[in-house]
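S.K.: For what it's worth, the numbering used here labels the leading residue of the sequence shown as 699, then goes sequentially.
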Amino acid sequence: MSDILKKNAEYAEKMRSILKLRAEPVAVKLIKEGESYPEGPTLPGSQLSHCQAVFRARKGECFRIPLEMTNCHVGAAVLGMTETPAKVASGEFHAGVGIHDSVEAAKKMIDSRILIPYRTQGEVVCPLKDADFVPDVVIIIDIPERLYWVISLMTSEEGGRAEFSTAPFQCACEDIAAVPIMTGRPNISLGCFGCRKKTDMAADELTCGIPYGLIPGYAAKLERYSKDPIAKAKRD
């Protein structure tokens with residue numbers, strides 16, 4: 699077992715056992731143009747969206763997903779794999795869902811997205827415990843009580859309040875992947891229309907993306923939390 703795989707398995711175990719997660723933390727690595735894919739992850743049997751890959755990875759599956767294997771160019775555009783389709787950029791596509799009152803309102807949502815600014819050719823999505831590579835972001839999906847502790851971790855050193863960015867669309871690709879990668883801070887999302895339509899996301903679940911660079915410190919701090927604040931809190 700490589701050193702990075704051993705460390706990632708340890709981080710995953712601490713997060714899963716201390717937070718009592720119902721599924722595996724998920725590792726996501728964006729593959730830049732010209733960069734090689736890590737060994738191990740294989741192509742899915744059919745095209746997947748980024749959100750479908752994330753929700754399947756929390757149950758143990760591991761994927762290598764080049765652009766040609768994704769079926770959602772909205773998410774692929776956020777993650778730097780392709781240009782934003784014209785109907786998406788104009789607001790027409792999302793306005794057609796019926797959530798926004800106008801094309802202009804949908805366009806404003808699209809115009810305010812946080813995007814990966816560099817070109818990527820694909821991604822790797824798998825359980826953190828099986829990640830023999832350095833991910834860009836680690837995603838956890840669970841009920842609010844579990845994700846609450848991420849807010850504690852975020853504010854433990856400097857205090858203050860935590861703020862999050864979200865919208866009715868693009869939870870898995872933007873909210874919990876692109877936003878943490880680009881800001882260097884965790885981001886919590888309530889999910890989105892696409893996730894709730896295309897995946898098995900449960901009605902009581904939230905999602906959270908944590909930049910991988912924060913994971914070692916967070917895992918260590920969770921060990922301390924497990925002996926005091928988590929032990930004292932009412933937990934299911």
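Glycine included, C-beta positions come from ideal geometry on N, C-alpha and C.
Looking at the secondary structure, which residues open and close the alpha helix (DSSP H) in which Arg754 lies?
M.R.: In the sequence shown, residue 754 corresponds to position 56, counting from 1. Arg754 -> alpha helix (DSSP H) spans His748 to Ala755.
S.K.: In three-state DSSP terms, what is Phe862?
M.R.: On the sequence shown, position 164 is the one that residue 862 refers to. Three-state DSSP puts Phe862 in coil, outside helix and strand.
S.K.: CB Cys869 to CB Cys890, shorter than 8 Å?
M.R.: By one-based count along the sequence shown, residue 869 stands at place 171. By one-based count along the sequence shown, residue 890 stands at place 192. Closer than 8 Å, so yes.
S.K.: Does DSSP classify Ser734 as helix, strand or coil?
M.R.: Counting from 1 along the sequence shown, the entry for residue 734 is found at position 36. Three-state result, Ser734: coil.
S.K.: Quick check on the DSSP output: the beta strand (DSSP E) that includes Arg894 runs from which residue to which?
M.R.: In the sequence shown, counting from the first residue as 1, residue 894 sits at position 196. Run containing Arg894: none in the beta strand (DSSP E); it sits in the alpha helix (DSSP H), Phe891 to Lys896.
S.K.: Short check: CB of Arg844 to CB of Lys718, under 8 Å?
M.R.: Along the sequence shown, read from residue 1 onward, the residue named residue 844 stands at position 146. Along the sequence shown, read from residue 1 onward, the residue named residue 718 stands at position 20. The answer is yes: Cβ separation under 8 Å.
S.K.: How is Ile812 classed by DSSP in three states: helix, strand or coil?
M.R.: Counted from its first residue, the sequence shown places residue 812 at position 114. DSSP places Ile812 in coil when its eight states are reduced to three.
S.K.: According to DSSP, which residues form a beta bridge with Asn885?
M.R.: Position 187 of the sequence shown, counted from the start, is the residue given in the question as residue 885. In the DSSP output, where bridge partners are listed per residue, Asn885 has Gly907.
S.K.: Keeping to the same chain, check which residues put their C-beta closer than 7 Å to that of Ala707; ignore five residues upstream and five downstream.
M.R.: Taking the sequence shown and counting its residues from 1, the one referred to as residue 707 is at position 9. Only Lys827 meet the Cβ criterion.
S.K.: Here's the rule I'm using: 16 or more other beta-carbon atoms within 10 Å means buried, otherwise exposed. How should Ile768 be labelled?
M.R.: As a working mapping, residue 768 is identified with position 70 in the sequence shown. It is worth fixing the name first, because residue 768 is Thr in this sequence and not Ile. By the 10 Å Cβ count, Thr768 comes out buried.
S.K.: Out of Gly758, Ile797, Pro815 and Ser854, point me to the one whose CA is closest to Ile879's CA.
M.R.: If you number the sequence shown from 1, residue 879 lands on position 181. Ranking Gly758, Ile797, Pro815 and Ser854 by Cα distance to Ile879 puts Pro815 first.
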